[in-house]
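Below is one structure, written out as structure tokens; the observations come after it.
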Amino acid sequence: MDNKNLLEIRGLKTYFFTKYGEVPAVDGVDITVPKGKIVGIVGESGCGKSVTAMSIMHLVQPPGRVIEGQILLDGEDLVPKSIKEMNKIRGKRVSMIFQEPMTSLNPVYTVGKQVSEAILLHQEVSREEAKAKTIDIFRKVGIPEADKRYNSYPHQLSGGLRQRVMIGMAMVCDPELLIADEPTTALDVTIEAQILHLMRRLQRERGTSVIMITHNLGVVAELCDEVYVMYAGKVMEHANVFELFENPQHPYTHGLLNSIPDTSGTKDRLYTIRGMVPNLLKLPEGCRFCPRCDKAMKICTMREPEMHTTTEGHEVRCFLYDKEVMKNG
Ligand SMILES: Nc1ncnc2c1ncn2[C@@H]1O[C@H](COP(=O)(O)OP(=O)(O)OP(=O)(O)O)[C@@H](O)[C@H]1O
Ligand SMILES: [Mg+2]
């Protein structure tokens, strides 16, 4: 374990055992989150982004479970931890912001009380101190009239303010790792920009590591240091953000980048990747992306490609970068 890294996910497999069969939602994923960095996970709907996050948090529900792999937080594996041990880690060392804040806030308590309770759970402070800390974090996340808002119920706040409450709740115990699962998808673009700016600021000021899950490559370009591209439960490409945008290698990444809305007006339609997201119950033999790939070769239908390092820190799961295969044609 490299001590520059806060989180190392190694060979993670999280499967759902349904009556229709085994769903390999996360199928051998390796992701590294260096200390103080923002790591993006991108990929189309259903590729396993949220299940990866839920696996870290021990929030995967039956019929799903982690069947293999390690999730090392500062060298300590979270996978075998008990509920009791995880309750000490969740919300304190690792916290998560969910996509739709309304579903993770309790409608019958004021937002102030909910954040205070989270503090009381993890810190040895009095109720008054917890309240003061809550109002302080509300101010930090840019909630106007923070002391008044303390007494608001979730439904009395706009989507943007509710998301700020969630970010405040996630940040209040100063976690080492913040997992944000599409934190701005439900918000309009102005609020989105404010929230992203806020997350960047918190990360800079406190040195928090962040996992940013999004299908918005604009968000990745703006916010992330490193990017992982997932497809059908596997990481297909990983590089730092400049490298990924400058020198994308996997045909799937090319497809994703080409499907960014073009605002220059020169293209008359959005590029979309042909074909459909695969059914995880009936994955093709060989490379999972093969049926949709422009560059597919015979071998791609036969074997699964391994991860190849092309330049330092740039990895791609594709036979085009397999020297042996390319040499022998
Ligand atoms: N309860 C479940 N039962 C069976 N399969 C599930 C269940 N939850 C998730 N899955 C499977 O796991 C796969 C990955 O789901 P996940 O929620 O991680 O996708 P995602 O990448 O977060 O997508 P999105 O961008 O839509 O949020 C899905 O394709 C689905 O097949
Ligand atoms: Mg998701």
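Numbering (my numbering), first residue to last: 2 to 330.
From the three backbone atoms N, C-alpha and C, an ideal C-beta is built for every residue, glycine too.
Query                                                                                                                                 : Result
Beta carbon nearer than 7 Å to a non-hydrogen atom of ligand 2                                                                        : 50, 51, 100, 182, 183, 214
CA-to-CA distance, residue 325 to residue 85, given in whole angstroms                                                                : 49 Å
Burial state of residue 92 (16 or more Cβ within 10 Å)                                                                                : buried
Secondary structure of residue 292, DSSP reduced to three states                                                                      : helix
Reduced DSSP secondary structure (H/G/I, E/B, other) of residue 336                                                                   : No information on residue 336 is available, as it lies outside the stretch 2 to 330 that the chain covers here.
Cα-Cα separation between residue 206 and residue 172, rounded to whole angstroms                                                      : 12 Å
Cβ shell of residue 251 (< 6 Å), same chain only, five flanking positions each side left out                                          : 237, 238, 317, 319
Residue 274, DSSP secondary structure in three states                                                                                 : coil
Cβ separation of residue 209 and residue 203, assumed to be a contact under 8 Å, to the nearest whole Å                               : 6 Å
Contacts around residue 70, its chain only, beta-carbon distance under 8 Å, and the 5 residues preceding and following it disregarded : 10, 11, 12, 13, 14, 29, 30, 80
Alpha helix (DSSP H) runs wholly inside the region 8-63, at least 4 long, in chain order                                              : 50-58
Strand pairing of residue 181, partner residues [DSSP]                                                                                : 98, 213
Under the three-state DSSP convention, the category residue 322 falls into                                                            : helix
heavy atom of ligand 1 below 6 Å from residue 104 C-beta                                                                              : no
Simplified DSSP assignment, three categories, for residue 186                                                                         : coil
Exposure label - residue 303; buried when at least 16 CB within 10 Å                                                                  : exposed
Exposure of residue 193, with buried meaning 16 or more beta-carbon neighbours within 10 Å                                            : buried
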